[in-house]
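Worksheet: one structure, shown below.
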Amino acid sequence: MPPSTCPHAQGEGEPTLVAGTVRGRGRREPRRERRRRVVGLLRAQGRYGPEFREVLPALAGCALVFCLAVAGTATAWRSLGPGVPLVGLGCLVLGIAAAVRRRRPLARRRHGYYTAEELSGLDTPGLALAVARMLRRDGWRVLPAPEEPVRPRVRARRGRDLPLEVVFRPVAEPLPDEDAPGGTGGTGRALHLVVHRGAFSPRDVQWARRDGGTRLLDGALLHRWALGTPLHRLVDLS
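Just so it is clear: in the sequence shown, position 160 is 470 by this note's numbering, and no numbers are missing.
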């Protein structure tokens with residue numbers, strides 16, 4: 311079908327880029343203008359990637375670090391002999407290997423780092439184990455807790471802080487009238503942290519404020535905690 315009679319979605323009279331020509335004008339669009347048009351479209355869709363000026367500082371930093379490392383190795387080689395640079399190179403290789411191993415999913419979870427997808431796939435006992443690992447990551451000493459398969463809980467201490475007791479609230483569980491969310495009260499010399507993968511209702515928040523010894527950690531804060539933000543930056547533990 312001739313280009314002049316080919317229907318298109320852009321409307322009558324609006325140019326459409328096909329095979330290096332501009333329909334509706336009858337002339338070939340220059341390659342530079344066509345590339346500029348395509349790049350602009352990709353940038354508007356967020357698919358073009360960073361520009362050179364955006365990655366230039368990172369490239370310059372990497373080049374500077376590499377040059378300093380080469381200069382330092384050469385200086386140490388001349389001054390101290392080949393042993394010291396080789397030892398430093400070995401330590402660097404071991405450090406890189408340890409960092410790569412730590413980023414593996416299993417090792418990462420053992421150190422208390424979880425993704426949102428990994429948290430969503432855990433049952434309540436698995437979530438309790440994840441919380442215990444995150445507490446250890448933040449410097450807490452996890453204490454033995456009674457085995458409760460239905461309602462597991464985690465107890466921990468850290469320095470002079472109040473003992474922390476973590477309980478877990480299922481997503482569909484209603485708030486009891488006279489009890490803390492999750493089934494514990496904020497009484498005694500312990501701070502109760504209620505972990506909920508969903509969102510707390512205004513009634514939950516009001517109850518925790520009246521109780522005074524209960525803190526609430528919803529799904530959004532739980533995800534930030536699992537990614538590495540310390541607990542004390544997310545919840546008032548005083």
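Here a beta-carbon is modelled for each residue, glycine too, at the ideal position from N, C-alpha and C.
Exercise for the section: Please work out which residues of its chain come closer than 6 angstroms, Cβ to Cβ, to TRP450, disregarding the five sequence neighbours upstream and downstream, and give them in chain order. Expected result: ALA466 and ARG468
Problem - Which residues DSSP lists as bridging ARG519, in chain order - result: According to DSSP, which records beta bridges pairwise, ARG519 is partnered with nothing at all.
Problem - Where PHE510 sits in the DSSP three-state scheme - result: coil
Problem - For GLU475, the residue or residues it bridges with in DSSP - result: ARG465 and HIS502
Problem - Residue span of the beta strand (DSSP E) that contains THR524, given as start and end - result: 524-527
Problem - For ALA384 and GLY529, the rounded distance between their alpha carbons - result: 52 angstroms
Practice task
Specify, as a first and last residue, the run of the alpha helix (DSSP H) that ARG419 falls within.
Solution key: 415-420
Problem - Euclidean distance between Cα positions of GLY431 and ARG447 - result: 21 angstroms
Exercise for the section: Could you check if VAL477 is buried or exposed, using at least 16 other CB atoms within 10 Å of its CB as the buried criterion? Expected result: buried
Exercise for the section: Alpha carbon to alpha carbon, how far is HIS506 from ARG419? Give it in angstroms, no decimals. Expected result: 19 angstroms
Exercise for the section: Taking ARG534 as the reference, give the member of TYR424, ASP521, VAL397 and HIS502 with the closest Cα. Expected result: TYR424
Exercise for the section: Mind checking which residues open and close the alpha helix (DSSP H) that includes LEU429? Expected result: 426-430
Practice task
Quick one: grab the DSSP three-state call for VAL545.
Solution key: coil
Exercise for the section: Return yes when at least one heavy atom of the ligand GTP lies under 8 angstroms from the C-beta of GLY523, else no. Expected result: With respect to small molecules bound, the structure shown includes none, and the ligand GTP cannot be examined in it.
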